[in-house]
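Trainee: All residue numbers for the sequence shown refer to our numbering, where the first residue is 94 and numbers rise by one. Ideal Cβ positions, reconstructed from N, Cα and C, are used throughout, including at glycine. Here the structure is a predicted model, which means the values were calculated and not measured. Could you have a look at this structure, given as structure tokens, before my questions?
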Amino acid sequence: MDELASMRADALLEWEIRPEPYGNTLKTARERLKANVPRTLARYWPAISFVARKFGPKRVKDLEKVSTALYIPAPVRRCGQAGAGPNRCTGNFRPGKRRAAAAW
């Protein structure tokens, strides 16, 4: 939450007040962002556009799967690749090993 407070202090985020039954939301202060970092935006615009096109239409359920896959460290991801020997695997992760479902 500290990062959000910092972004609000820098006027990069602002509250959008919405009527009931919808709750308030944070939105980017576009013009302020464009004014603060124009070269950075120009440099990374192709990547920003790509991510927005690919992930913008996805539902939360789909985004959670992607974020989980991206969160796994690269050495662990490589562990499951064809030809990766057991010495390449880290921790107790092994390719094809199923994890037991948590009992709720």
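Taking 8 Å as the threshold (C-beta atoms), are L126 and L105 in contact?
Mentor: Here residue 105 is taken as the residue at index 12 of the sequence shown, counted from 1. Here residue 126 is taken as the residue at index 33 of the sequence shown, counted from 1. Closer than 8 Å, so yes.
Trainee: Starting from E157, follow the alpha helix (DSSP H) in both directions and report where the run begins and ends.
Mentor: As a first step, residue 157 is located in the sequence shown; it is residue number 64 there, counting from the start. Segment 153–164, the alpha helix (DSSP H) holding E157.
Trainee: Taking DSSP as the reference, what is the three-state secondary structure of L105?
Mentor: For this step, residue 105 is matched to residue 12 along the sequence shown. Coil at L105, not helix or strand.
Trainee: Which same chain residues, not among the five before or five after P109, have their C-beta less than 6 Å away from its C-beta?
Mentor: Counting from 1 along the sequence shown, the entry for residue 109 is found at position 16. At residue 109 the sequence reads Glu, which differs from the Pro that was named. These residues qualify, in order along the chain: T118, K120.
Trainee: Please confirm whether any heavy atom of the ligand ADP lies closer than 7 Å to the CB of R101.
Mentor: Among the components of this structure there are no ligands whatsoever, and the ligand ADP is therefore not found.
Trainee: Are the beta-carbon atoms belonging to E107 and A128 less than 8 Å from one another?
Mentor: In the sequence shown, counting from the first residue as 1, residue 107 sits at position 14. In the sequence shown, counting from the first residue as 1, residue 128 sits at position 35. Cβ atoms of E107 and A128: not closer than 8 Å.
Trainee: Rounding to the nearest angstrom, what Cα-Cα distance links L163 and A102 in this structure?
Mentor: The sequence position of residue 163 within the sequence shown is 70, counting from 1. The sequence position of residue 102 within the sequence shown is 9, counting from 1. So the alpha carbons of these two residues sit roughly 30 Å apart.
Trainee: Along the chain, where does the alpha helix (DSSP H) that runs through P150 open and close?
Mentor: Residue mapping note: residue 150 aligns to position 57 of the sequence shown, counting from 1. That residue, P150, is in no alpha helix (DSSP H); it is neither H nor E in DSSP.
Trainee: Roughly how many angstroms separate the alpha carbons of D155 and Y115, rounded to a whole number?
Mentor: Looking up residue 155 in the sequence shown gives position 62. Looking up residue 115 in the sequence shown gives position 22. Cα to Cα, the separation comes out at about 23 Å.
Trainee: Going along the chain, which residues of its own chain have a beta-carbon closer than 7 Å to the beta-carbon of M100, five neighbours each way excluded?
Mentor: Stepping through the sequence shown from its first residue, residue 100 is reached at position 7. Correct list, in chain order: L106.
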